[in-house]
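Asks:
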Amino acid sequence: MTLQIPFDNSYARLPERFYVRQPPVPVARPELVLLNRVLATDLGIDPAALQSDEGIAVLSGNAVAMGSEPLAQAYSGHQFGGFSPVLGDGRALLLGEVMDRRGRRRDIQLKGSGRTAFSRPGSDGRSPLGPAIREFIVSEAMHALGIPTTRSLAVVATGESVRRNGPEPGGVLTRIAASHLRIGTFQFFAVRQDIEALRLLADFAIVRHFPEAEGPLDLLNAVIARQADLVARWMGAGFIHGVMNTDNTAISGETIDYGPCAFMDEYHPQTVFSSIDRHGRYAFDRQAGVLAWNLAQFASCLVPLLDRDTDTAVRIAQGAVGAYPALVERSWGAVFAAKLGLAEIRGGDDTLAVELLDLMARQQADFTNTFRGLADGSAGAQFTDPAPFDTWESRWRQRVAQGAAPEAVAARLRAANPAIVPRNHRVAEAISAAEAGDLAPVHRLIAALRTPFASPDTATHALTKPPADDERVRQTFCGT
Ligand code: AMP
Ligand code: MG
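Counting from 498, one number per residue, gives the positions in the sequence shown under the working numbering.
1) The alpha helix (DSSP H) with Tyr821 in it runs from where to where?
2) With a threshold of 7 Å, establish whether the CB of Gly739 neighbours any heavy atom of the ligand AMP.
3) What residue range does the alpha helix (DSSP H) around Arg723 cover?
4) Is Gly622 near the ligand AMP, going by C-beta to nearest heavy atom under 7 Å?
5) Going by the DSSP bridge assignment, what does His575 pair with across the sheet?
6) Under 8 Å by Cβ, that's how I've got Val897 and Gly830 pegged, so tell me the actual separation to the nearest angstrom.
7) Applying the 10 Å Cβ sphere with the 16-neighbour rule, what's the burial state of Gln684?
8) Pick helix, strand or coil for Asp887, following the three-state DSSP scheme.
9) Does the beta-carbon distance from Val652 to Ala569 come in below 8 Å?
10) From Thr973, Asp808, Val970, Ile917, pick the residue whose C-alpha is nearest to that of Thr955; which is it?
11) Closer than 7 Å: is that where the CB of Asn791 sits relative to any heavy atom of the ligand AMP?
12) Across which residues does DSSP place Val535 in a beta bridge pair?
13) Secondary structure at Pro666, three-state DSSP: helix, strand or coil?
14) Please classify Arg705 as buried or exposed, where buried requires at least 16 neighbouring CB atoms within 10 angstroms.
15) Going along the chain, which residues of its own chain have a beta-carbon closer than 6 Å to the beta-carbon of Val524, five neighbours each way excluded?
16) Give a yes or no on contact between the segment 545-553 and the segment 597-604, applying the rule of three or more CB pairs nearer than 8 Å.
17) Which two residues bound the contiguous alpha helix (DSSP H) that contains Gln784?
18) Quick check: the Cα distance between Gly874 and Ala785, rounded to an integer number of angstroms?
19) Pull up the distance between the alpha-carbon of Leu695 and that of Pro582, whole angstroms please.
20) How big is the Cα-Cα spacing for Asn921 and Ser952?
21) Could you tell me which of Pro503, Arg510, Gln576, Ala571 sits nearest to Asp543, measuring between CA atoms?
22) Out of Pro567, Val669, Arg723, point me to the one whose CA is closest to Ile553's CA.
23) On the three-pair Cβ rule with 8 Å, is the segment 936-944 touching the segment 860-873?
24) For Gly541, which residues from the same chain have a beta carbon less than 7 Å from its beta carbon, with the 5 sequence-adjacent residues on both sides left out?
25) Say whether the segment 585-595 touches the segment 605-615, bearing in mind that this needs 3 or more beta-carbon pairs closer than 8 Å, one atom from each stretch.
26) In whole angstroms, what separates the C-alpha of Gln899 from that of Arg909?
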């Protein structure tokens, strides 16, 4: 069985100042922990070959596959509002690109592959195994929920330990993405006033993600629209990204960089899980606003390309960013109309959704189970004082019944509201078991998360339960 990956690399053809070439740093005793066979096949890679010694060597960075041109990408970024002119792949390497079975170009990247020219001083360029498994679980769950996201092809245990709070087992994740272009990639060249590189990068992004775009303004508008749609979908899933830095905002509109992200159990708009987000900058209900800020940074990078006259260019950029609030509102309205089982949107529907969320926040109702419960009449059980919910429910029933058969409404509700999301306590529990050598809980969890809208059976029912007090995970970590 020989491993063949049909590499077709375009990023490596860009000028040398876009990246630093280097091979991954080998690991001691690689062992395959998770493999996404369906995704491998979609990418035109034989999953059996990935499971062979040769495949595992490639997935761990111990061998460079034929046609792979490993490189660390350069980027900058605003992290928690502070600008770093040089970030870049400090613990990741782009192995190359393949065309998938639908003809889409996809990046194959190793995360945790060792030090690079961009590694933070004193950092090891590695990843602990736990966060690699966590990214696999959560990114694949996001995909099954229909939310644009990078994917996870494999997790390998390195047989080495990494030092974080104490020694932890090391891991390497293979990440698949439409691209790894970030707002921070544009910032890298904008801050250097490298207009030629900015132009090349914009053209590259257009060819890759928005072939219908005719120039940088179309690119800007398209990225704004995709990101507005993405953040609305996060809101609809109760998802908190946790580190919405500009280096973690993808031009493709995919969710990227699963660190301290989390799904909420009980709804509260100000929820924060990330241990490093001390001021709630990236709290659940701040995400759309932070994204506006990030997109303004993107727009300002493109200013030199938008018009020869700077004042005119700035006005064009501001106009594009000015469209964002209405786009988010529209996407949010569409997401929540679907969650309420509505086939079309009318005036007052947004208010109906907002009123439900207010009630949920006041009574700390479970986000996932309340919405899912609308389909079978069990939503009221999520409220300690059901009276205000009952009042809301009767108004909602009137609205939703207009011109729609009850079975059609219930089907729509079940298609928009998952029964199963990767709840923190279940993810943490599965990872602990994996670290102790038992992969069964991780496999069970991943399998259930593949069909989040199906009605749970007895085997998966426990995954729908919010945490008991002693199971609650109050903080999540970057795992870098
Ligand atoms: P992230 O938190 O993944 O968005 O990373 C922010 C920056 O820190 C990026 O430039 C990373 O490459 C770098 N970084 C994160 N973790 C490590 C690590 N373990 N070793 C070296 N650099 C790292
Ligand atoms: Mg990052």
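Backbone N, C-alpha and C define an ideal beta-carbon position, used for all residues, glycine too.
Replies: On the basis of the data shown:
1) In the sequence shown, the residue the question calls residue 821 occupies position 324. Tyr821 -> alpha helix (DSSP H) spans 821-836.
2) Working through the sequence shown from its first residue, we reach residue 739 at position 242. The answer is no for Gly739.
3) Numbered from its first residue, the sequence shown carries residue 723 at position 226. In the DSSP annotation of this structure, the continuous segment of the alpha helix (DSSP H) that includes Arg723 starts and ends at 713-734.
4) On the sequence shown, residue 622 is found 125 positions in, with the first residue counted as 1. The closest heavy atom of the ligand AMP lies less than 7 Å from the beta carbon of Gly622.
5) As a first step, residue 575 must be located in the sequence shown, where it is residue number 78. In the DSSP output, where bridge partners are listed per residue, His575 has Phe580.
6) Taking the first residue of the sequence shown as position 1, residue 897 is located at position 400. Taking the first residue of the sequence shown as position 1, residue 830 is located at position 333. Their Cβ separation, rounded to whole angstroms, is 15 Å, which puts Val897 and Gly830 out of contact at 8 Å.
7) Counted from its first residue, the sequence shown places residue 684 at position 187. Flag for Gln684 reads buried.
8) Mapped onto the sequence shown, residue 887 falls at position 390. Helix.
9) Residue 652 sits at position 155 when you count from the first residue of the sequence shown. Residue 569 sits at position 72 when you count from the first residue of the sequence shown. Inclusion of Val652 and Ala569 in the CB contact set at 8 Å is not warranted, their separation being larger than that value.
10) Position 458 of the sequence shown holds residue 955. Measuring from the Cα of Thr955, the nearest candidate turns out to be Ile917.
11) Walking along the sequence shown from the start, residue 791 turns up at place 294. Distances from the CB of Asn791 to the heavy atoms of the ligand AMP are all 7 Å or more.
12) By 1-based counting over the sequence shown, the position of residue 535 is 38. For Val535, DSSP records no beta bridge to any residue.
13) As a working note, residue 666 is residue 169 in the sequence shown. Pro666 falls in the strand class under three-state DSSP.
14) The residue you call residue 705 lines up with position 208 of the sequence shown. That one is buried.
15) The residue given as residue 524 occupies position 27 in the sequence shown. Here the set comprises Ser557, Thr655, Glu657.
16) With a cut-off of 8 Å, the segment 597-604 and the segment 545-553 do not count as touching, because too few Cβ pairs lie within range.
17) Sequence index remark: in the sequence shown, residue 784 carries index 287 (1-based). Residues 784-803.
18) The residue labelled residue 874 in the question sits at position 377 within the sequence shown. The residue labelled residue 785 in the question sits at position 288 within the sequence shown. Computed Cα separation, rounded: 31 Å.
19) To locate residue 695, count along the sequence shown from 1; it is residue 198. To locate residue 582, count along the sequence shown from 1; it is residue 85. Cα atoms of Leu695 and Pro582: separation of roughly 15 Å, rounded to the nearest angstrom.
20) Translated into positions along the sequence shown, residue 921 becomes position 424. Translated into positions along the sequence shown, residue 952 becomes position 455. When the Cα atoms are used, Asn921 and Ser952 turn out to be separated by approximately 20 Å.
21) Numbered from its first residue, the sequence shown carries residue 543 at position 46. The option with the nearest alpha carbon to Asp543 is Pro503.
22) Indexing the sequence shown from 1 puts residue 553 at position 56. For Ile553, the closest C-alpha among the options Pro567, Val669, Arg723 is that of Val669.
23) In this structure the segment 936-944 does not lie against the segment 860-873, because fewer than three pairs of beta carbons, one per stretch, are closer than 8 Å.
24) Against the sequence shown, residue 541 aligns to sequence position 44. Pro503, Val595, Asp597, Arg598, listed in sequence order.
25) For the pair of segments examined, the segment 585-595 was found to touch the segment 605-615: the number of CB pairs separated by less than 8 Å reaches three.
26) Counting from one through the sequence shown, the residue named residue 899 turns up at place 402. Counting from one through the sequence shown, the residue named residue 909 turns up at place 412. Approximately 14 Å between the Cα atoms of the pair.
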